[in-house]
Amino acid sequence: MNYIGTPISRVDGQAKVTGQAKYAGDVNVPGLVFGAVVTSTIAKGRIKSIDTSAALKVKGVLKVLTHKNRPALPKSDQAWKDDIAPGGSPFRPLYDDKVMFSGQPVALVLAEEWETARYAASLVHVEYAAKPHITDLQAAREKAFTLKKSKKPRGDAAKAFSSAEVRHEAEYFIPTEHHNPMELFASTAIPEKRGKLTVYDKTQGVQNVHRYLCSVFKKKKGDIRVMSPFMGGGFGSGLRPQYQVVLAVMGALTLKRPVRLMLTRQQMYGLGYRPASIERLQLGAQRDGTLHAITHEAIVVTSQFEEFSSSDTEWADRLYKSPNAKFVHKLARLDVPTSCDMRAPGATTGVYGLECAMDELAVALKLDPVELRLRCYSDKDQSVNLPYTSKNLRECYQQGAKAFGWEKRNPVPRSMRDGNELVGWGMATGVWEALQMPAAARIVLGANGHAEISCATSDIGTGTYTIMAQVAADALGLPIENIGIKLGDSTLPQSPVEGGSWMAASVSHAILGVADEVRKTLFDAAKKIKGSPLSGVKFEDVTLSDGKIVSKKDPARAMTIAHVMRERRLDRIEKEKLHKFKKDEKHARNTHSAIFAEVKIDEELGVIRVTRVVNAVAAGRILNTKTARSQIMGGVVWGIGMALHEETAYDHKFGRIMNANIAEYHMPVNADIHDIEVIFVDEPDEHINPLGIKGVGEIGIVGTAAAIANAVYHATGVRVRDLPITLDKLRR
Amino acid sequence: MIDFEYVRASDVADAVRQSAASTGAKFIAGGTNLIDLMKEDVEKPRRLIDISRLPLKQVEETAEGGVKIGALVPNSDLAYHSLIERRYPVLASAILAGASAQLRNMASIGGNLLQRTRCYYFYDAATPCNKREPGSGCPAIEGLNRMHAILGASEHCIATHPSDMCVALAILEARVHVAGPDGERVIPFPDFHRLPGDMPQTDTNLQPHEIVTAVEIPPQGFAKNYTYLKIRDRLSYAFALVSVAAGLEIEDGTIKEARFALGGVAHKPWRNRAAEDLLRGQAANAGNFQQAADILLREAKGYSHNRFKIDLARRTIVRALTQAARGTPQIQSDKKVR
Numbered sequence: 009m010n011y012i013g014t015p016i017s018r019v020d021g022q023a024k025v026t027g028q029a030k031y032a033g034d035v036n037v038p039g040l041v042f043g044a045v046v047t048s049t050i051a052k053g054r055i056k057s058i059d060t061s062a063a064l065k066v067k068g069v070l071k072v073l074t075h076k077n078r079p080a081l082p083k084s085d086q087a088w089k090d091d092i093a094p095g096g097s098p099f100r101p102l103y104d105d106k107v108m109f110s111g112q113p114v115a116l117v118l119a120e121e122w123e124t125a126r127y128a129a130s131l132v133h134v135e136y137a138a139k140p141h142i143t144d145l146q147a148a149r150e151k152a153f154t155l156k157k158s159k160k161p162r163g164d165a166a167k168a169f170s171s172a173e174v175r176h177e178a179e180y181f182i183p184t185e186h187h188n189p190m191e192l193f194a195s196t197a198i199p200e201k202r203g204k205l206t207v208y209d210k211t212q213g214v215q216n217v218h219r220y221l222c223s224v225f226k227k228k229k230g231d232i233r234v235m236s237p238f239m240g241g242g243f244g245s246g247l248r249p250q251y252q253v254v255l256a257v258m259g260a261l262t263l264k265r266p267v268r269l270m271l272t273r274q275q276m277y278g279l280g281y282r283p284a285s286i287e288r289l290q291l292g293a294q295r296d297g298t299l300h301a302i303t304h305e306a307i308v309v310t311s312q313f314e315e316f317s318s319s320d321t322e323w324a325d326r327l328y329k330s331p332n333a334k335f336v337h338k339l340a341r342l343d344v345p346t347s348c349d350m351r352a353p354g355a356t357t358g359v360y361g362l363e364c365a366m367d368e369l370a371v372a373l374k375l376d377p378v379e380l381r382l383r384c385y386s387d388k389d390q391s392v393n394l395p396y397t398s399k400n401l402r403e404c405y406q407q408g409a410k411a412f413g414w415e416k417r418n419p420v421p422r423s424m425r426d427g428n429e430l431v432g433w434g435m436a437t438g439v440w441e442a443l444q445m446p447a448a449a450r451i452v453l454g455a456n457g458h459a460e461i462s463c464a465t466s467d468i469g470t471g472t473y474t475i476m477a478q479v480a481a482d483a484l485g486l487p488i489e490n491i492g493i494k495l496g497d498s499t500l501p502q503s504p505v506e507g508g509s510w511m512a513a514s515v516s517h518a519i520l521g522v523a524d525e526v527r528k529t530l531f532d533a534a535k536k537i538k539g540s541p542l543s544g545v546k547f548e549d550v551t552l553s554d555g556k557i558v559s560k561k562d563p564a565r566a567m568t569i570a571h572v573m574r575e576r577r578l579d580r581i582e583k584e585k586l587h588k589f590k591k592d593e594k595h596a597r598n599t600h601s602a603i604f605a606e607v608k609i610d611e612e613l614g615v616i617r618v619t620r621v622v623n624a625v626a627a628g629r630i631l632n633t634k635t636a637r638s639q640i641m642g643g644v645v646w647g648i649g650m651a652l653h654e655e656t657a658y659d660h661k662f663g664r665i666m667n668a669n670i671a672e673y674h675m676p677v678n679a680d681i682h683d684i685e686v687i688f689v690d691e692p693d694e695h696i697n698p699l700g701i702k703g704v705g706e707i708g709i710v711g712t713a714a715a716i717a718n719a720v721y722h723a724t725g726v727r728v729r730d731l732p733i734t735l736d737k738l739r740r
Numbered sequence: 009m010i011d012f013e014y015v016r017a018s019d020v021a022d023a024v025r026q027s028a029a030s031t032g033a034k035f036i037a038g039g040t041n042l043i044d045l046m047k048e049d050v051e052k053p054r055r056l057i058d059i060s061r062l063p064l065k066q067v068e069e070t071a072e073g074g075v076k077i078g079a080l081v082p083n084s085d086l087a088y089h090s091l092i093e094r095r096y097p098v099l100a101s102a103i104l105a106g107a108s109a110q111l112r113n114m115a116s117i118g119g120n121l122l123q124r125t126r127c128y129y130f131y132d133a134a135t136p137c138n139k140r141e142p143g144s145g146c147p148a149i150e151g152l153n154r155m156h157a158i159l160g161a162s163e164h165c166i167a168t169h170p171s172d173m174c175v176a177l178a179i180l181e182a183r184v185h186v187a188g189p190d191g192e193r194v195i196p197f198p199d200f201h202r203l204p205g206d207m208p209q210t211d212t213n214l215q216p217h218e219i220v221t222a223v224e225i226p227p228q229g230f231a232k233n234y235t236y237l238k239i240r241d242r243l244s245y246a247f248a249l250v251s252v253a254a255g256l257e258i259e260d261g262t263i264k265e266a267r268f269a270l271g272g273v274a275h276k277p278w279r280n281r282a283a284e285d286l287l288r289g290q291a292a293n294a295g296n297f298q299q300a301a302d303i304l305l306r307e308a309k310g311y312s313h314n315r316f317k318i319d320l321a322r323r324t325i326v327r328a329l330t331q332a333a334r335g336t337p338q339i340q341s342d343k344k345v346r
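Each protein sequence line maps, in turn, to chains D and Y.
Its first residue numbered 9, the first sequence is counted upward by one per residue in this note's numbering.
Its first residue numbered 9, the second sequence is counted upward by one per residue in this note's numbering.
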């Protein structure tokens, strides 16, 4: 293999930095109409009236759509369910007079110019009949409920906890956070001939949006095409179709003209988010550092109309041996939009609580935090009682600790200093799923030795274009320059939404699968050539390499692919195949990491800096060491933001987000970021899939905030359990 | 965003004339704050008078040995101006502590004086705000007030002035040159910004249609012993929780002259002469700095989320005066507090 495992630069990099890459809001067509959304200012109630007369008087305004004059929309919840919709009744923009959250779209202004649309939107006057709302998780926690019957606890965690020699019990809090991708959500809907429609959308799943739009607008499969060739950051925010795509299509169908709708940064806070959560942990251990009881209960925000739920609580079962364990995941309904996936959903928050609790337990046991984790190390996923396809977490601890210099740590809080600053060293474990999904790919191989690979996946910025090209180049034995990639088009071969870190494994094996078909065709053709050097060679023994079809046993027996195709008069070979992974019910599948963080905290002023992070990751085979490293670094930076900066600030009286912009919603800036070292621990995996790929999009964030919080404790002796750790909290 | 008319002024007199001739007009220079506020429907000028081409871009030495800065000098040009770097490094440092490089490139000196508060409620037209809509109420008092004032606030408004530059100008005892329908006048810096009182809608003592033409700084620049120390929730591109501009004159270990002002704590840069007087003739040590800080903060009042600022301000004053006394000012490109 020439390309897999190497640090190839992004194949789409040049297009992105030169502006050639067109995003959903960049698409220009003649006659384009611009939309602007009016959003609700109350969190709950009814729209009494909407006065659009002033807006309609503005020159250039074509239409103002509201629930009163919108086109017909389906009634059933089912019609509005996208591929990954949670239970409940999905949100429908401009459906009726009900207001369910602040920031809900209540009108769409369509105009000849964007400025006109935006100005007219400010003239739409809405009267509300407000009802009492609730947006505070702490106030709603008593009414929290479990979605489904909780899994049967293992043993009796409560009893084991009460009899444990050393106990730790605490509650951790993570506020609501928003994805804040750089690219704003946008859709451009273009009516085509014969009632067809092309929709450029910012999405992590063109086929999901395609099915959804066909269902909502009662269109035939072939009538809508959804395109999303580039995405400026998704992080989960684009997994479900967002309301702007419905409104753009609604506008285009109403006016029979192309419509572009781009949300403002402020309006982005009316979409999904990582739900605030309360993580309650009870850990009971014996003095030797073995765990006897784990209870993890989470209370997590969802909306009044849907039940979004991701597993916050069961991560301990994958990491730490304990004969008694109880996990409860509860939802609390608030008058807010439905929460959604955001980078390692469930793990980012749940593992934050777990790993801080483990640190507190290590303190109580007077044990080194790494040592505690090794003493509890689980070789099985206890929730299913299965061993892992691979789990080199021990090596993560070891290599991470070594690179960080962990052995020099003085365990006593406030014992390490550097001038005015207290120095703290903390660590945590990270864990995420290694998922893989059925996906299809198509290869069109030309006689000129160029191949086009296509799949309906997205590239949400992770590097999917690049790894697809690497895998295809190796599978077809061609130089990577000869590989063209097409993705982000609903008409291409089947793909799931790009999320869950599953796309690298899924699309790579789809390409391998269909490349095999190409190889078979070439082999059959090659054998038919008179005097073929491959005659008598078995199919299993030939490979595609260096532009040739060649015998693995005797490399002298080879023919160039170009020669074979020319001889057999094959202009092109086109193959498409759906790849499904073999069922493996004997293994659990996860990625793991160990994060070591150093903080320096000005003792008098409380200013916190994260001066070093080492993140050692075991995630199977790394397809591209450069893009993978970027993924982990991005995850670490976000973990720093989660630990120290990020919080969606609600005024509960108004039920409204008050820092809905990226000046006041703080995320780390360059000045906040120092050294980040990424280590990929070698982790051969023969079970998970032929290439041994696990995916790295999410693991980088998991555990990072806990490592920092633990370092803050080590530096100061102050345990801040509610994020973000701002300087005022060090002096409460 | 609203529909507005856009005109250009040909000179200062024309700008004043055009403003006086229309209702609801606003001057625009860099627009870094005004345009944002227009997008949020907070500012709704019917007419924008573009003054960005007026010849107010000079930085000149004055006869008395000070410097006069044209109102349209971009923030970054001033911060990197050799005269300012050399003689008024506290001003250069304060400017560089604010906003981002891109904003500083666009923002004018006059505009920096006139930037409006970053109170969440002021920015969100869906909520009440006495500053935006007099009489509608101040939700910050009972709401999200972590960033808000601890000094000089009123029952009508607890917003802070967000400028870093103005905190330095306060200790440099700048004078603001303005031109208006009644001619030109000079406003001493303490009288330029006002406290909210029962008129929080009015940030400054500028009269209608007056335009800032220049900022003049007297000779004393504290080039040797100064600092601008800004404490915030991240290390760049965030407004101050507390900031301190400090300038000292020290002879043989004794403080001859002391000035310090706080940003992020009030509706205007906050100075207290009594606190500064206390330091005069004293040794430059932490104990004296502490006492001076206590005097300045005597009247400080916290709200539900910002009480921490009182203690933080005390500590930041002590650190800033220490930095100034030692001649080790905060360097804004440093990724740490000195």
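The C-beta atom is built at its ideal place from N, Cα and C for all residues, glycine as well.
Note that this is a predicted model, so its numbers are computed, not measured.
Whole-angstrom distance between residue j and residue i, CA atom to CA atom
| i | j | result |
| --- | --- | --- |
| residue 575 of chain D | residue 502 of chain D | 33 Å |
| residue 152 of chain D | residue 158 of chain D | 14 Å |
| residue 598 of chain D | residue 702 of chain D | 8 Å |
| residue 632 of chain D | residue 472 of chain D | 10 Å |
| residue 115 of chain Y | residue 40 of chain Y | 6 Å |
| residue 342 of chain D | residue 142 of chain D | 6 Å |
| residue 424 of chain D | residue 408 of chain D | 20 Å |
| residue 352 of chain D | residue 221 of chain D | 27 Å |
| residue 676 of chain D | residue 648 of chain D | 7 Å |
8 Å Cβ cutoff, residue i in contact with chain Y
| i | result |
| --- | --- |
| residue 615 of chain D | yes |
| residue 610 of chain D | yes |
| residue 712 of chain D | no |
| residue 281 of chain D | no |
| residue 130 of chain D | yes |
Backbone secondary structure at residue i - three-state DSSP
| i | result |
| --- | --- |
| residue 30 of chain Y | coil |
| residue 371 of chain D | helix |
| residue 287 of chain D | strand |
| residue 364 of chain D | helix |
| residue 266 of chain Y | strand |
| residue 435 of chain D | strand |
| residue 279 of chain D | coil |
Start-to-end residues for the beta strand (DSSP E) that takes in residue i
| i | result |
| --- | --- |
| residue 251 of chain Y | 250-259 |
| residue 237 of chain Y | 233-239 |
Span of the alpha helix (DSSP H) around residue i
| i | result |
| --- | --- |
| residue 525 of chain D | 511-536 |
| residue 112 of chain Y | 109-114 |
| residue 412 of chain D | 401-412 |
Residue i at chain D interface by Cβ criterion, 8 Å
| i | result |
| --- | --- |
| residue 316 of chain Y | yes |
| residue 235 of chain Y | no |
| residue 162 of chain Y | no |
| residue 246 of chain Y | yes |
| residue 140 of chain Y | no |
Which residues DSSP lists as bridging residue i, in chain order
| i | result |
| --- | --- |
| residue 14 of chain Y | Y/56 |
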